[in-house]
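Read in the numbering used here, the sequence shown has 83 at position 63, and its numbers run on one by one without any break. Built from N, CA and C at the ideal position, the CB exists for glycine as well. As the structure is a computational prediction, the values presented were derived from the model and not from experiment. These notes concern the structure reproduced below.
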Amino acid sequence: MNLAFQLSRLQKMDSELDQITIRKNEIVRLIQDETIVNEVKERLNEKQSELDNNQKVLKKIEEKNNQLQLKLQEDEHALYGGKIKLPRELQDLQNEISSLKKQTASQDEDQLNTMMTIEDLENEKSLIQRDLVAAESVFATKVAGLKGELSSLEKKKENLLAERDAAIQNVDAASLERYETLRKAKRGLAVAVVVDQACTACGATLTPADWQAARSPQRLVTCSSCGRILYAG
Ligand SMILES: [Zn+2]
Numbered sequence: 021m022n023l024a025f026q027l028s029r030l031q032k033m034d035s036e037l038d039q040i041t042i043r044k045n046e047i048v049r050l051i052q053d054e055t056i057v058n059e060v061k062e063r064l065n066e067k068q069s070e071l072d073n074n075q076k077v078l079k080k081i082e083e084k085n086n087q088l089q090l091k092l093q094e095d096e097h098a099l100y101g102g103k104i105k106l107p108r109e110l111q112d113l114q115n116e117i118s119s120l121k122k123q124t125a126s127q128d129e130d131q132l133n134t135m136m137t138i139e140d141l142e143n144e145k146s147l148i149q150r151d152l153v154a155a156e157s158v159f160a161t162k163v164a165g166l167k168g169e170l171s172s173l174e175k176k177k178e179n180l181l182a183e184r185d186a187a188i189q190n191v192d193a194a195s196l197e198r199y200e201t202l203r204k205a206k207r208g209l210a211v212a213v214v215v216d217q218a219c220t221a222c223g224a225t226l227t228p229a230d231w232q233a234a235r236s237p238q239r240l241v242t243c244s245s246c247g248r249i250l251y252a253g
């Protein structure tokens, strides 16, 4: 059988196998790329730390409130206990009580504001948690699709390799070696198809003699410009 034809068949299979390898590598990369999920996780972490900070603030306010309440109770107890008799001391105590009450009122406002902030943050956090569930589901669907594609590529590769094994039986060892060497040197493309008397790999027009020779089934002609084996069809 025509050697150039056999080699062009081999080339077609090898090019397909190369494409499969490229796509398989891409799929492996895509399956590991959890960017869409990680972005949401990062947003969730940020929200959580904002929430933690506000809870710490709230705890401090509550502690301060307790201290103020205790001090107030003590002062009021002293005021009404009747042990302090000097007007000057009584006045001081009353002043302190009124200052403590002002501080308590301001603390209460801070406490309320912080509690409201925490509530808002909790709501925002649940929205992000919902986003996370959605992102994980989108990613899982994507991965399932990619794994399906991967296994059909594996099957296709197996079939092609079997076909290739059969095809090389029709090619003599020297031609096969020449083909393999060219493929390595020419970025995977050793055989170029001739269309309109031109090499489709480099675009060079064939001389009438080469064109004639390329069409003969007995000879193997290479492109005078790029060096690839020509297949005239
Ligand atoms: Zn060429």
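The beta carbon of Ala187 lies closer than 8 Å to those of Gln26, Arg29, Leu30, Met33 in the same chain, with the five residues before and after it left out. Residue pairing of Ile249 in beta bridges, as defined by DSSP: Val211, Thr242. With a cutoff of 8 Å, Ser245 counts as near ligand 1, since its C-beta is closer than that to a heavy atom of the ligand. Taking C-beta atoms as the reference points, Glu169 and Arg43 count as a pair closer than 9 Å. Per DSSP, Asp53 lies in no alpha helix (DSSP H) and is assigned neither H nor E. Ala205 carries a helical assignment under DSSP once its states are collapsed to helix, strand and coil.
With contacts defined as CB atoms closer than 9 Å, Leu180 and Ile40 qualify as a contacting pair. Straight across, the Cα-Cα distance linking Asn22 with Val215 is about 18 Å.
Exposure of Val153 is indicated by the presence of fewer than 16 other C-beta atoms within 10 angstroms of its C-beta.
For the pair of segments examined, the stretch 72-86 was found not to touch the stretch 144-152: the number of CB pairs separated by less than 8 Å stays below three. A direct Cα-to-Cα measurement between Arg203 and Ser171 gives close to 27 Å.
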